[in-house]
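Read the structure below first, then the notes.
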Amino acid sequence: MEGNVLSIISRGETYGYEILLVLNKYGFTDIYEGTLYPILTRMEKKSLISCRLGKSPLGPKRKYYTVTESGEKYYEEFKRIFKEIIAKTNEIISADNL
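Numbering of the sequence shown is given in this note's numbering, commencing with residue -4 and proceeding in unit increments.
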């Protein structure tokens, strides 16, 4: 899930609920705030993302997240590995059709 979250944050500074909405839009409807926020905290501890407190137009301050340089490297590696897995899986599935 970290790779998906990094993908969303890499598009620009964002906050938790907005990340959740994007995940839901792409079919991750079983992800809730109680799942997402521990992921964000873990990613922040790993220095993959940074956060700042900022104003919210709707009330209390929000945590806004951005990807760090370390997070960008991690995300590039995630994409490389994921593409490899997809390619190998497609080979296996294609072999079933022979």
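We put the beta carbon where it would ideally sit given N, CA and C, even for glycine. These figures come from a predicted structure and were not determined experimentally.
If we count the other Cβ atoms within 10 Å of its Cβ and call it buried at 16 or more, is residue i buried or exposed?
i: Arg47; result: exposed
i: Tyr69; result: buried
i: Leu16; result: exposed
i: Lys14; result: Strictly speaking, residue 14 in this sequence is Ile, with Lys absent from that position. With 16 or more other Cβ atoms within 10 Å, it is buried.
i: Ile76; result: exposed
According to DSSP, simplified to helix, strand and coil, what is residue i?
i: Lys20; result: helix
i: Gly7; result: coil
i: Lys41; result: coil
Where does the unbroken alpha helix (DSSP H) through residue i begin, and where does it stop?
i: Gly44; result: Note that residue 44 corresponds to Ile in the displayed sequence, not to Gly. That residue, Ile44, is in no alpha helix (DSSP H); its beta strand (DSSP E) goes Ile44 to Ser51.
i: Thr84; result: Glu64 to Asp91
* How about the segment 49 to 66 and the segment 82 to 90: do they share at least three Cβ pairs that are nearer than 8 angstroms? -> no
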